[in-house]
Amino acid sequence: MKKWMSLLLVCIAFSMWPAQAKDLNVVFIPKARDQDFWTFMRQGVERAMQEDGHVNLTWRGPAHNDDIDSQIQILRIYSRPEVDAIIIASTDRARLVEPVKQAAAMGIKVVVVDSAVDGNAQANFVTTDNYAAGALAAEQLANLLNRQGTVAVLRTIAGSGSTDDRARGFTDYLKKNAPRLVIVADEYGGGTRGKAARGAATLLEKYPHVDGIFAVNESTSDGMLRALRHAGLAGKKKFIGFDTTEFLLDGLRRQEIHGLVVQDPRQMGYQAMRAALAAAKGAPIKPALILTEAVMVTQENYQKPEIRSLLTP
């Protein structure tokens, strides 16, 4: 009897120990592998992982952000029962609707980051306020041009929700606040640096006398700066870019770029991973939309500590 009682007490003691937390399997699918933006975002993702302590991360993305088919294929490959959550930065808000729905139908919690997916299958959406960021770019360019002249917009690929919102915010601001500043070109350059450089060169050939330029993301900003340098126009056109790399910062220092709209991808990655883990654990996600801010970086402020923290890996 004493033996059985001792065994019972041991069993009770073990049952009172806290259960070990289950390691969650999270897949992150960025738009591309060839942009510094995603390196910054991964740092935020890993910070959230370290705080939780029970996460297995798989990071898989297409080589370039115009390879929509590859991103869809990656999403389908990882839509399987052992995956608890998927974080995806959408390359095409319409074409990803069905694959996201299918993943959600399997019980996988899907968090969308940076660029939207149409519909409501995702648990959460974490992004920059891209409309406001586009308006910020327009305000800077309007001030540089005394609110008159001609402007060109270089976009990346059609269907990218984040960059479309930036272009819309830019256009709406000028229409409302600087009607004498006319957009004479609004064109797609492509999803890689090489394609964007060729698209930028074509734009400059068609509109050699344009006064100001807005490029909507990292690859188009990179491509436009290269095209301006090649054409001998660097510094002669007022140019607002988006996102940051060492190459773009060099352009800013040389006064070839007159402003960079810079996001906080670390914060976006951190918030996206936190949302994914909470959803996978069954917690209600509020708010469904998390917005992070962008700032205007100029030659005058880029060395300030609060700005430098956004610019360096």
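If you use mature numbering (1 follows the signal peptide of the UniProt record, and there is no 0), the sequence shown corresponds to residues -21 to -1, 1 to 292, in order. Note that beta-carbon positions come from the ideal geometry of N, C-alpha and C, so glycine has one too.
Asked                                                                                                                                                                                             : Found
So which of 242, 44 and 122 has the shortest CA-CA distance to residue 287?                                                                                                                       : 242
Might you give, ordered along the chain, the residues of its own chain that have their beta carbon closer than 6 angstroms to the beta carbon of residue 271, omitting 5 neighbours on each side? : 107, 243, 246 and 247
Assign residue 86 to one of two classes, buried (16 or more other C-beta atoms within 10 Å of its C-beta) or exposed (fewer than that).                                                           : exposed
Taking the DSSP output, what are the residues bridged to residue 38?                                                                                                                              : 7
If you draw a straight line from the C-alpha of residue 150 to the C-alpha of residue 162, how long is it?                                                                                        : 8 angstroms
Using a Cβ-Cβ cutoff of less than 7 angstroms, which residues in the same chain neighbour residue 206 once the five nearest sequence positions on both sides are dropped?                         : 176, 179, 180 and 183
Name the one or two DSSP bridge partners that residue 103 has.                                                                                                                                    : 90
Assuming residue 269 and residue 240 make a contact with CB atoms under 8 angstroms, what is their CB distance in whole Å?                                                                        : No, residue 269 and residue 240 are not in contact; Cβ-Cβ is about 19 angstroms, not under 8 angstroms.
Restricting to Cα atoms, I'd like to know which of 236, 173 and 210 is closest to residue 185.                                                                                                    : 210
Look up residue 71 in the DSSP assignment and say whether it is helix, strand or coil.                                                                                                            : coil
Quick test of the definition: if touching needs 3 or more C-beta pairs under 8 angstroms, does the segment 24 to 31 touch the segment 105 to 119?                                                 : no
Starting from residue 128 and walking both ways along the beta strand (DSSP E), at which residues does that stretch end?                                                                          : 128 to 134
Taking the alpha carbon of residue 297 as the point to measure from, which residue in 49, 33 and 5 has its own alpha carbon closest?                                                              : In the structure displayed, the chain extends from -21 to 292; residue 297 sits before or after that span and is not available.
Ordered along the chain, which non-local residues of its own chain (more than five positions away) have a Cβ less than 6 angstroms from that of residue 93?                                       : 68, 106 and 141
Thinking just about the alpha-carbon of each residue, which of 18, 111, 33 and 192 is nearest to the one in residue 129?                                                                          : 192
How is the beta strand (DSSP E) around residue 293 delimited, first residue to last?                                                                                                              : A question about residue 293 goes unanswered here, because the residues of the chain that appear run from -21 up to 292.
Buried or exposed, going by whether 16 or more other CB atoms sit within 10 Å of the CB of residue 77?                                                                                            : exposed
Closest by CA to residue 234, which one among 277, 259 and 258?                                                                                                                                   : 277
Going by the beta-carbon positions, is the gap between residue 54 and residue 34 smaller than 7 angstroms?                                                                                        : no
Suppose you measure from the CA of residue 273 to the CA of residue 195; what does that come to, to the nearest Å?                                                                                : 13 angstroms
Using DSSP's beta-bridge definition, name the partner residues of residue 271.                                                                                                                    : 107
Name the one or two DSSP bridge partners that residue 192 has.                                                                                                                                    : 131 and 218
Could you pull the start and end residues of the alpha helix (DSSP H) that residue 254 belongs to?                                                                                                : 244 to 259
In terms of residues, what are the limits of the beta strand (DSSP E) holding residue 281?                                                                                                        : Unbroken run through residue 281: none, as it is neither H nor E.
May I ask you to list the residues that DSSP assigns as paired with residue 228?                                                                                                                  : BP columns for residue 228 are empty, so no partner.
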